[in-house]
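J.:
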Amino acid sequence: MSSLSSDPALSAYNAKRDFAQTAEPPGRRAAGEGHRFLVQKHAARRLHYDFRLELDGVLLSWAVTRGPSLDPAEKRLAVRTEDHPVSYADFEGTIPAGQYGGGTVMLWDRGCWQPEGDPRAGLRDGRLRFRLDGARLRGDWMLIRMRGTAEARENWLLRKLDDAEARTDFDLTEAHAASVLSGRTMEEIAGTAGRADTAAPRARASRAKPPTREAPKAPRAVREASGSVLLRHGVRITSPDREPYPDAHVSKRDLVAYYERVAALMLPEIRGRPLTLIRCPRGIGERCFVQQHAGAGLPGTVRRVRLREATGTVREHVAVDDLPGLLGLVQMGVLEFHGWGSRAGSVASPDRLVLDLDPDPALPFSAVVEAARTIRERLAADGLAAWPMLSGGKGIHVVVPLVALKRSGWSRLGGYAEAVAQALAREEPARFTANVAKGERAGRIYVDYLRNERGATAVMPFSTRAKPAASLAMPLSWEALTDIGSPQAFTLRRVLDGGLPDLAGWAAAPQTLPRGTSGTRAR
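Numbering (the working numbering), first residue to last: 674 to 1196.
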């Protein structure tokens, strides 16, 4: 114990814990200057939310009794507690009864934080202002130390500052009942017995490096309340055996299992993007419709995003941040997720380029694959790495992840995408057209560059499609694309029965859109 207590910053943490009894990590200061933040829902003697900010190799910690609120008028009591080790950022499990803080711990939110000014001075002066970029907490926040209290611990107030992420009509703690790490509820985590089962798989919260893309195992199922209702990750799924895809015999239960399987890969792509939804409440054999705005009856697990549209009108759009959000929309009959090229909070700064290859139906799919490779080479000449995705419909999307374009973002992105498409059509008119008119596509492939405008959407990676076979928008490696014979080759049933393709590194390196180029360099 003496070696653990050598660092004064973590001596209080180590002194309170018996590491032979608890799966919590021993306290050792971390090297480097990280900027993680996390919130852990903690059902100890009293339920609270532990709010933690990484600084100087430790996690500064506050216990927020009622949890964070997005309402700037709500000031939540935050009691300063002992610093925790940075390794605690990955802890999720059950602290044994009789140990300090005994009870269930869920990783409720995580991401990065950015202080305004010197955070050490802010701590000393009792006014710490910062910006959060997490799955559930975003925008500007402040911690204010209360004065005139006699308690041994420091009492602070945590409050949301008034910005685009503030809301007065949304209870975060009620809306989000599942872990951002494992997708489990508190009840599921508490049900894992024994120390070997208490810690969820380790996952880094830092955004400095893109995560390695591995096909995750589906989280352990929650419970079924009855034969007609399924409970998954805090979401109530009614009529789970009804088949939205009758020809493929795919049920709502199968849809839930699929999104559980792909959530860890899909969420980084879709999180925070304003969405357009294709809803088929009675399945694809009945009327489906497009939903662009948030309406009545939207589940609490789904985020509403207020955006000013081209007309000047401010409307609420839909976004999802986690698996409960996805499942809430599945319950509403959503079969397709189409997302903006930017994210809420920075809608003027697009962070991806999409070129949609839409072929004449008479063309073999091999011609579309070769066209995608041609576009890959052209983009590479401008220093951009691109990745393919089967659309699950008629063609292939060529996707380029970008560092968010801060200045004139949409005009730069749209101009570059159009220049690439027009250059292809000009140089190889027998293969390509940049003209949206269907009459211009005979024997050719339309390069749809219009996905790269403000408000335009493209189908999200891993989304199901409203097609009879329950096909998927499936990312692939360029090597794997060689053996694919159809844009609808991957179906929901194929993934559930056989797993996902190798996706290591897919679109995992955001790049800077080159200046002064127009996609016309020689290949």
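All residues carry an ideal CB built from backbone N, CA and C; glycine is no exception.
(1) Along the chain, where does the beta strand (DSSP E) containing S1064 start, and where does it finish?
(2) Near R749, which residues of its chain fall below 8 Å by C-beta distance, leaving aside the five closest residues on each side in sequence?
(3) Roughly how many whole angstroms lie between the Cα atoms of L1015 and S1022?
(4) Taking the alpha carbon of A746 as the reference point, which residue from E706, D842 and R753 has its own alpha carbon closest?
(5) Return the chain-ordered list of same chain residues with a C-beta closer than 8 Å to the C-beta of A685, the five sequence neighbours on each side being excluded.
(6) Could you tell me which uninterrupted beta strand (DSSP E) segments, each at least 3 residues in length, are contained entirely in the region 984-1015, listed from first to last along the chain?
(7) Which word fits G1068, buried or exposed, when buried means at least 16 other C-beta atoms lie within 10 angstroms of its C-beta?
(8) Would you say R804 and D798 are within 8 Å of each other, going by their C-beta atoms?
(9) Within 10 angstroms of its Cβ, does T871 collect 16 or more other Cβ (buried), or is it exposed?
(10) Excluding the five sequence neighbours on either side, which residues of its own chain have a C-beta within less than 6 Å of the C-beta of R1127, listed in chain order?
(11) Would you report the Cα separation of L1176 and A850, rounded to the nearest angstrom?
(12) DSSP puts T949 in a beta bridge; with which residues?
(13) Using a Cβ-Cβ cutoff of less than 6 Å, which residues in the same chain neighbour L940 once the five nearest sequence positions on both sides are dropped?
(14) DSSP three-state call for G1082: helix, strand or coil?
(15) Could you spell out where the alpha helix (DSSP H) holding S684 opens and where it closes?
(16) Nearest-angstrom Cα distance between S852 and G807?
(17) Should T1164 go down as buried or exposed, given a rule of 16 or more other Cβ atoms within 10 Å for buried?
(18) If you run the structure through DSSP and keep just helix, strand and coil, what is R1051?
(19) According to DSSP, A782 sits in a beta bridge with which residue or residues?
(20) Confirm, please, whether the CB-CB distance from L1186 to R1085 is below 8 Å.
(21) Go through its chain and collect everything with a Cβ distance to R977's Cβ below 6 Å, but skip five positions before and after it.
(22) With burial defined as no fewer than 16 other Cβ atoms inside 10 Å of the residue's Cβ, what is the status of K925: buried or exposed?
(23) In terms of alpha-carbon separation, which member of A1181, R909 and A848 lies closest to G973?
(24) For G1087, I'd like the list of residues in its chain whose CB is within less than 6 Å of its CB, leaving aside the five on either flank, ordered along the chain.
(25) So what does W814 bridge to, in DSSP terms?
(26) On the DSSP bridge assignment, give the partners of N828 in chain order.
(27) Skipping 5 residues on each side, what residues in its chain have a beta carbon closer than 7 Å to that of F1038?
(28) Using the beta-carbon count (16 or more within 10 Å), is H922 buried or exposed?
(29) According to DSSP, which residues form a beta bridge with P1074?
(30) Classify G856: buried if its beta carbon has 16 or more other beta carbons within 10 angstroms, exposed otherwise.
(31) Considering only the beta carbon of each residue, do Y1122 and L1028 sit closer than 8 Å?
(32) Could you tell me whether the region 900-909 touches the region 1110-1117, where touching means 3 or more Cβ pairs closer than 8 Å?
(33) Please look up how many angstroms separate the CB atoms of D1024 and A1077, rounded, as I've assumed it's under 8 Å.
T.: Looking at the coordinates:
(1) Within the sequence shown, the letter at position 391 stands for residue 1064. It is not in any beta strand (DSSP E) - S1064 carries neither H nor E in the DSSP assignment.
(2) The count along the sequence shown starts at 1 and reaches residue 749 at position 76. Contacts found: V737, T738, R739, G740, P741, S742, L830, L831 and R832.
(3) As a position in the sequence shown, residue 1015 is number 342, starting the count at 1. As a position in the sequence shown, residue 1022 is number 349, starting the count at 1. Reading the sequence as shown, one finds Ser at residue 1015 and not Leu. Cα to Cα, S1015 sits roughly 6 Å from S1022.
(4) The count along the sequence shown starts at 1 and reaches residue 746 at position 73. Taking only the C-alpha atoms, the option nearest A746 is D842.
(5) Translated into the one-based positions of the sequence shown, residue 685 becomes position 12. Once the five neighbours on either side are set aside, the close Cβ partners of A685 are E755 and D756.
(6) Correct list: 987-992 and 1007-1012.
(7) What you label residue 1068 is simply residue 395 of the sequence shown in a count that begins at 1. Under this definition G1068 is a buried residue.
(8) Here residue 804 corresponds to residue number 131 of the sequence shown, with the count starting at 1. Here residue 798 corresponds to residue number 125 of the sequence shown, with the count starting at 1. Cβ distance not < 8 Å, so R804 and D798 don't count as in contact.
(9) The sequence position of residue 871 within the sequence shown is 198, counting from 1. Since pLDDT at T871 reaches only 34, below the 50 mark, its modelled position is unreliable, and the value read off the structure follows with that caveat. Per the 10 Å Cβ criterion, buried.
(10) As a working mapping, residue 1127 is identified with position 454 in the sequence shown. These residues qualify, in order along the chain: W1083.
(11) In the sequence shown, the residue the question calls residue 1176 occupies position 503. In the sequence shown, the residue the question calls residue 850 occupies position 177. Taking the straight line from one Cα to the other gives about 29 Å.
(12) Translated into the one-based positions of the sequence shown, residue 949 becomes position 276. Paired residue(s): H1011.
(13) Numbered from 1 along the sequence shown, position 267 holds the residue referred to as residue 940. Once the five neighbours on either side are set aside, L940 has no close Cβ partner at all.
(14) As a first step, residue 1082 is located in the sequence shown; it is residue number 409 there, counting from the start. Correct three-state label for G1082: helix.
(15) Taking the sequence shown and counting its residues from 1, one reaches residue 684 at position 11. P681 to A688 is the extent of the alpha helix (DSSP H) around S684.
(16) Residue mapping note: residue 852 aligns to position 179 of the sequence shown, counting from 1. Residue mapping note: residue 807 aligns to position 134 of the sequence shown, counting from 1. In a straight line, the C-alpha of S852 is about 13 Å away from that of G807.
(17) Position 491 of the sequence shown, counting from 1, holds the residue named residue 1164. Flag for T1164 reads buried.
(18) The count along the sequence shown starts at 1 and reaches residue 1051 at position 378. In this structure, R1051 counts as helix in the three-state DSSP scheme.
(19) Translated into positions along the sequence shown, residue 782 becomes position 109. Contrary to the premise, residue 782 reads as Asp rather than Ala in this sequence. DSSP, once it has assigned bridges, lists V712 as partnering D782.
(20) Here residue 1085 is taken as the residue at index 412 of the sequence shown, counted from 1. Here residue 1186 is taken as the residue at index 513 of the sequence shown, counted from 1. Yes.
(21) Along the sequence shown, read from residue 1 onward, the residue named residue 977 stands at position 304. Taken in chain order, the residues that qualify are A967 and E989.
(22) Looking up residue 925 in the sequence shown gives position 252. By the neighbour-count rule (16 or more Cβ atoms within 10 Å), K925 is buried.
(23) Locating residue 973 in the sequence shown gives position 300, counting from the first residue. It is A848 whose Cα lies nearest to the Cα of G973.
(24) For this step, residue 1087 is matched to residue 414 along the sequence shown. Within the same chain, G1087 has close Cβ partners N1125 and E1126.
(25) Here the question's residue 814 lines up with position 141 in the sequence shown. In the DSSP output, where bridge partners are listed per residue, W814 has F803 and K833.
(26) Against the sequence shown, residue 828 aligns to sequence position 155. Paired residues: V752.
(27) The residue given as residue 1038 occupies position 365 in the sequence shown. G1158, S1159 and P1160, listed in sequence order.
(28) In the sequence shown, residue 922 corresponds to position 249, counting from 1. Answer is exposed; the Cβ neighbour count stays below 16.
(29) Position 401 of the sequence shown, counting from 1, holds the residue named residue 1074. DSSP lists R1025 as partners of P1074.
(30) By one-based count along the sequence shown, residue 856 stands at place 183. Buried: at least 16 other Cβ atoms inside 10 Å.
(31) Residue 1122 sits at position 449 when you count from the first residue of the sequence shown. Residue 1028 sits at position 355 when you count from the first residue of the sequence shown. Going by C-beta atoms, Y1122 is nearer than 8 Å to L1028.
(32) no
(33) Your numbering for residue 1024 matches position 351 in the sequence shown. Your numbering for residue 1077 matches position 404 in the sequence shown. 4 Å between Cβ atoms; contact.
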